[in-house]
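A.B. asks: Read left to right, the sequence shown gives residues 29 to 409 (my numbering).
Before anything else, here's the structure in question.
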Amino acid sequence: MDIYTNGSHEKLRQKVREFAENEVKPLARELDEKEQFSVKLSKRMGELGLFGLTIDPKYGGLGLDYLSFIIAIEELARIDSSQAAILASHNSLGIGPIYNYGTEQQKLKYLPNLCTGDALWAFGLTELTAGSDSRGTKSKAVADGDEWVINGSKMFISNASTEISAGVTIQVITDEEDGKKELSTIIVDRNTPGYRAEKIRGKMMWRAIDTARLYFDNVRVPKDNLLGGKGNGSKIMLETLDSGRLTIAAMGLGLARGAFELACKYAQTREQFGKKISKFQAIAFKLADMATKIELAKNTLYHACWLKDNGHPFAKEAAMSKLYCSEIAREVADEALQVHGAYGLMREYDIERFYRDQRLLQIGEGTSEILRIVISRHIGL
C-alpha cells in the first residue's frame, strides 16, 4: 500500500512504464553509444501528454499534480536516464519559469507549443565561472530603448541545441552598483540574431540528452521578454531549483530501482558453485540493502511532493530528497554492478550505462555539498 498515490497516479505510472519498456528501451543503448538526441522519442512523450503534465489545460497541459510528474520521471529513469532528463529539464526548468512567473501574454505565446513535444525550451543559469555560486553570473543585459541587449555565455545547458529547441530563459545582470548585482530573467528565442547554441560532446553520462554551450553576442530582444519583473532573477531561479531538485531525486529513485531490478534478474540466473548466486547470503544481503534504500528514498521524495502539492513549504524536504535519492542511486548502482561481476563492466550490459548515468545526480541542480549547506541552514545551524 502506498499512502501517497491513488488510482490516477498508478494508471499514469503504467502508461509511462509501457512507453519506457516498449519504445525507449530498444533505443537506449544505441542512442547512448552515438551520443544522439531522439526527436522521435521526444515527440512521443509530447503525444502521451508528458510535456506539460502539471500545466493548466488552458495552456495545453494536463493540469495534474507534481507527484504525477515525478512518477513519470521515475519510470523513465528506471529504463534510461537520458530520456528522463529530457522530460525533467523541459518541464521543470524550461516550461516551469514561464508558467510560474510569466505574464498572460508570455504564457499564451510559448506554453501551448511547448506542451506538444514539437519544441523544447532550455534554462540558462550555469556559466563557465558560475556553477554552485549562481550569483557569479557575468552575462549582462543592457536596456536600449524598447529592447534588451544581451552579451555573455552559458554552459552545460540541457535541451538547447536540438533540431526542435525553441529558445532559453536566462539569468543576466541588468544593473550593478558598488559590486552588487541586480539579476533578472529574460526569454530568448532561438532564431534571435547573435544567439548561438553549440552542442557539447564527450559526456560520461546522459549521452542521449542534448547539452550545449550558449553564446549571446549583442542579442536584442524586446523589453517584454523580461520574465517576472526586473531584479527577480535570483528568486525565480532559486524557486525553480527547489522544484527541479525533486526531479533529480526522481531520477535517482528511478535509476536505483532499475539497477536493482537488473541485479535481481542477474543474481537469479547466474550460477556459481552449483547454485544461483542469489542464494548466497553475501548477494542476498546486498539486494536487501538496495531494496531498503529504495523504499526509504521513495517515501522521502513522495512526502516532499505531497508538501508541494498541498501548498506547504518544501525547500528543506526537496534538498533532503535530492541529496538522499542521488546518493542511494550511486550506492545501488555500484552494488548492482558488483553483483554482475566483470560482466557489469561491459557495454552490452545495461548496468554499465546505469553506473555512468548516476554520477551527475550528485552534481546537477545543487551538489551534495551545497545541499548539505542548504539543509543545515533549514535546521538552524
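Cβ atoms here follow ideal geometry from the backbone N, Cα and C, with glycine treated the same way.
Since we're looking at a predicted model, the values are computed, not measured.
By DSSP, does residue 318 sit in helix, in strand, or in coil?
C.D. replies: Here the question's residue 318 lines up with position 290 in the sequence shown. Helix, per DSSP.
A.B. asks: Answer with buried or exposed for residue 34, where buried requires no fewer than 16 other C-beta atoms within 10 angstroms of its C-beta.
C.D. replies: Walking along the sequence shown from the start, residue 34 turns up at place 6. With fewer than 16 Cβ atoms within 10 Å of its Cβ, residue 34 is classed as exposed.
A.B. asks: Let's see if you can read the secondary structure: which residues bound the beta strand (DSSP E) around residue 217?
C.D. replies: For this step, residue 217 is matched to residue 189 along the sequence shown. Run containing residue 217: 208-217, per the beta strand (DSSP E) assignment.
A.B. asks: State the start and end residues of the unbroken alpha helix (DSSP H) segment that holds residue 366.
C.D. replies: Reading the sequence shown from its first residue, position 338 is the one you call residue 366. Start and end: 343-368.
A.B. asks: Would you be able to state if there are at least three C-beta pairs under 8 angstroms between the segment 234-245 and the segment 346-354?
C.D. replies: No, they do not touch.
A.B. asks: On the three-state DSSP scale, how would you describe residue 178?
C.D. replies: One-based indexing of the sequence shown puts residue 178 at position 150. If DSSP states are grouped into helix, strand and coil, residue 178 belongs with the strands.
A.B. asks: Would residue 326 and residue 359 be called neighbours here (beta carbons separated by less than 8 angstroms)?
C.D. replies: Here residue 326 refers to the residue found at position 298 of the sequence shown. Here residue 359 refers to the residue found at position 331 of the sequence shown. No.
A.B. asks: Where residue 382 and residue 154 are concerned, what is the direct C-alpha to C-alpha distance, given to the nearest angstrom?
C.D. replies: On the sequence shown, position 354 is the one that residue 382 refers to. On the sequence shown, position 126 is the one that residue 154 refers to. Cα to Cα, the separation comes out at about 25 angstroms.
A.B. asks: If contact is defined by three or more beta carbon pairs under 8 angstroms, each pair taking one atom from either stretch, is the segment 188-197 in contact with the segment 96-104?
C.D. replies: No, they do not touch.
A.B. asks: Compute the Euclidean distance between the alpha carbons of residue 256 and residue 130, then round it to the nearest angstrom.
C.D. replies: Stepping through the sequence shown from its first residue, residue 256 is reached at position 228. Stepping through the sequence shown from its first residue, residue 130 is reached at position 102. Each residue's Cα considered, the two are about 6 angstroms apart.
A.B. asks: Is the CB-CB distance between residue 355 and residue 390 below 8 angstroms?
C.D. replies: Here the question's residue 355 lines up with position 327 in the sequence shown. Here the question's residue 390 lines up with position 362 in the sequence shown. Contact flag set, yes.
A.B. asks: Going by Cα to Cα distance, which pick from 270, 235, 220 is closest to residue 249?
C.D. replies: Sequence index remark: in the sequence shown, residue 249 carries index 221 (1-based). Residue 220 is the option with its Cα nearest to residue 249.
A.B. asks: Quick check on this structure: which residue in 311, 123, 199 has the alpha carbon closest to the alpha carbon of residue 179?
C.D. replies: In the sequence shown, the residue the question calls residue 179 occupies position 151. The shortest Cα separation from residue 179 among 311, 123, 199 belongs to 199.
A.B. asks: Candidates 75, 40, 399: which alpha carbon is nearest residue 270's?
C.D. replies: Against the sequence shown, residue 270 aligns to sequence position 242. Ranking 75, 40, 399 by Cα distance to residue 270 puts 399 first.
A.B. asks: What number of angstroms, rounded off, separates the C-alpha of residue 112 from the C-alpha of residue 41?
C.D. replies: Counted from its first residue, the sequence shown places residue 112 at position 84. Counted from its first residue, the sequence shown places residue 41 at position 13. When rounded, the distance between both Cα atoms is 13 angstroms.
A.B. asks: Around the C-beta of residue 214, are 16 or more other C-beta atoms found within 10 angstroms, so that it is buried, or is it exposed?
C.D. replies: Working through the sequence shown from its first residue, we reach residue 214 at position 186. By the neighbour-count rule (16 or more Cβ atoms within 10 Å), residue 214 is buried.
A.B. asks: Since residue 197 sits in a beta bridge, which residues does DSSP pair it with?
C.D. replies: Position 169 of the sequence shown holds residue 197. DSSP output for residue 197 lists 151, 215 as bridge partner(s).
A.B. asks: Can you name, in chain order, every residue of its own chain whose Cβ lies under 6 angstroms from the Cβ of residue 277, other than the five neighbours on each side?
C.D. replies: The count along the sequence shown starts at 1 and reaches residue 277 at position 249. Same-chain partners within the cutoff: 329, 349, 350, 353.
A.B. asks: Counting along the chain, where does the alpha helix (DSSP H) carrying residue 113 start and finish?
C.D. replies: Stepping through the sequence shown from its first residue, residue 113 is reached at position 85. Taken as a continuous stretch (DSSP letters only), the alpha helix (DSSP H) holding residue 113 covers 109-116.
A.B. asks: State the start and end residues of the unbroken alpha helix (DSSP H) segment that holds residue 387.
C.D. replies: Taking the sequence shown and counting its residues from 1, one reaches residue 387 at position 359. Segment: none, residue 387 is in no alpha helix (DSSP H) and carries neither H nor E.
A.B. asks: Assign residue 283 to buried or exposed, taking buried as 16 or more other Cβ atoms, counted over all protein chains shown, within 10 Å of its Cβ.
C.D. replies: If you number the sequence shown from 1, residue 283 lands on position 255. Looking at its Cβ environment, which holds 16 or more other Cβ atoms inside 10 Å, residue 283 is buried.
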